[in-house]
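Numbering (the numbering used here), first residue to last: 1203 to 1676. We put the CB at the ideal spot given by N, CA and C, even for glycine. Have a look at the structure below, then the notes.
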């Protein structure tokens, strides 16, 4: 049964978890503001998200208990609905991150979440909860920020203007941090009320679950928060890319090029010519697709992103004479294969045609190799243009099972880590199974105990490049 009067112990508990929610919200918001979508590449983000969700659930329970005791019925009802919708959102996000399913309902779920947040704010303004000025102002904050978040989100997912979408996403992330203003006002309200409590001199025994929740929340924040912050800093993604002297020297050796189509769209790329190039001979073309960490417009970073250094080292260039084509994908785009994400695939294909007008390329020996986002791109390239390629090495990417029949005769050696949380292994398993079901015989290497970072295992696979350069379209 609920007590008729909120105790000092309750105020202490509610104050602590509201404060933890504020601190963790600001902490996470700052990292997301700096890294953007790259936050998902930070391994410690996943356990941190569980800690954050736990703190939110407990803090929400405390606020609901407060509204119930105070007979703020409207605030309680909409607060309960908001808590349930938020909890569902955490479950949905985790499901998308781990299993890449239910992505199609994410935007709709966000709309519901933000709409409920606005209604919850209105309940604080126009119900009897407004007798507490701080609660009323918390409602005002929610009603102001909610529509801004809703508009920036919907606008960003519907605009085709990538620079503008990037700006909207930054605004959305920044405004999201301001969302802590509502719990800050609720915290101040708790503090002001707790000071009015009279000390009866009675000592009540601590409630075990509350004490346990405090310990778990604080230890979880300290441990996983430190991991999350450390990995975020080490990723270097939050800093502007500055090439090292070695990278600059390497870039100078491999000339920078641009392909511009009739609409003025530009693809920046590097083209490495074979050692001892003979203009009278035909050479294979290797299309090298970088991972997400090399996006940009500097036309340098893709040279340092796997698998480019492996393909471009002197040993492999001497052993396997070939042109190596390394396009750089700008921020906000991909090489294809990821539903709902803008792609530069047409620019890449047109750039290849342009290159083949300048050099003698063996049209029967075009290869594509890519990792992570480039792995998705590799599957996308051979699925949509199987006639262009003689073989592919897609690494920790994913394809669509509907292309199984189209890839029956395509030489493929795919790689994936069974514990990959960024690009779930199911994406590779499903397309491999579809090809096999259609009668194909793709090569597939899955590393049972590996996650997303499997490049060293791929690089050391016996006969990798021997296999690749032996393939030839009939």
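Quick check on DSSP: helix, strand or coil for residue 1561? Coil, per DSSP.
Any alpha helix (DSSP H) of 4 or more consecutive residues that is wholly inside the region 1347–1391: Those alpha helix (DSSP H) runs which fall completely within the region 1347–1391 and span 4+ residues are 1364–1380.
What's the C-alpha gap between residue 1224 and residue 1613? If you draw a straight line from the Cα of residue 1224 to the Cα of residue 1613, it is about 53 Å long.
As a quick exercise: from 1341, 1650, 1511, 1336, pick the residue whose alpha carbon is nearest that of residue 1496. For residue 1496, the closest C-alpha among the options 1341, 1650, 1511, 1336 is that of 1511.
Quick check on residue 1527: does DSSP put it in helix, strand or coil? Correct three-state label for residue 1527: strand.
Does the separation of the CB atoms of residue 1528 and residue 1472 fall below 7 Å? A contact, by the Cβ cut-off of 7 Å.
Can you tell me which of the three DSSP states residue 1593 falls into? Residue state for residue 1593 is assigned as strand, using DSSP reduced to three classes.
Compute the distance between the beta-carbons of residue 1434 and residue 1234, then report whether it is under 7 Å. Contact check for residue 1434 against residue 1234 fails: the beta carbons are separated by 7 Å or more.
Please go through the same chain and pick out, in chain order, the residues whose beta-carbon is closer than 7 Å to the beta-carbon of residue 1467, but skip the five residues on each side of it. Counting only Cβ-Cβ distances below 7 Å, and skipping sequence neighbours, we find 1549.
Quick one: using the 10 Å Cβ neighbour count with 16 as the cut-off for buried, is residue 1399 buried or exposed? Residue 1399 sits exposed, since fewer than 16 C-beta atoms from the chains shown fall within 10 Å of its C-beta.
Less than 8 Å between C-beta atoms, sequence neighbours within five positions excluded: which residues of the same chain meet that for residue 1418? 1256, listed in sequence order.
Please work out which residues of its chain come closer than 8 Å, Cβ to Cβ, to residue 1304, disregarding the five sequence neighbours upstream and downstream, and give them in chain order. So the qualifying residues of the chain are 1294, 1297, 1298.
Could you give the DSSP three-state label for residue 1470: helix, strand or coil? It is a strand residue.
Straight-line gap, residue 1465 to residue 1459 (C-alpha atoms, nearest Å): Straight-line Cα distance between these residues: approximately 18 Å.
Between 1605, 1642, 1507, 1481, which lies nearest to residue 1658 when the distance is taken from Cα to Cα? Per the Cα distances, 1507.
Separation of residue 1553 from residue 1462, as counted between CA atoms: Rounded to the nearest angstrom, the two C-alpha atoms are 8 Å apart.
Beta-carbon within less than 8 Å of residue 1226's beta-carbon, same chain only, minus the 5 sequence neighbours each way: which residues are those? So the qualifying residues of the chain are 1253, 1254, 1257, 1423, 1427.
If you compare alpha carbons, which of 1381, 1450, 1353, 1609 is closest to residue 1371? Residue 1353 holds the alpha-carbon nearest to the alpha-carbon of residue 1371 among 1381, 1450, 1353, 1609.
My output table needs one value for residue 1634: the three-state DSSP class, helix, strand or coil. DSSP places residue 1634 in helix when its eight states are reduced to three.
Can you give the Cα-Cα distance for residue 1329 and residue 1274, rounded to whole angstroms? Rounded to whole angstroms, residue 1329 to residue 1274 spans 7 Å at the Cα level.
So, is residue 1455 buried or exposed, given that buried needs 16 or more other C-beta atoms within 10 angstroms? Exposed, since its Cβ has fewer than 16 Cβ neighbours within 10 Å.
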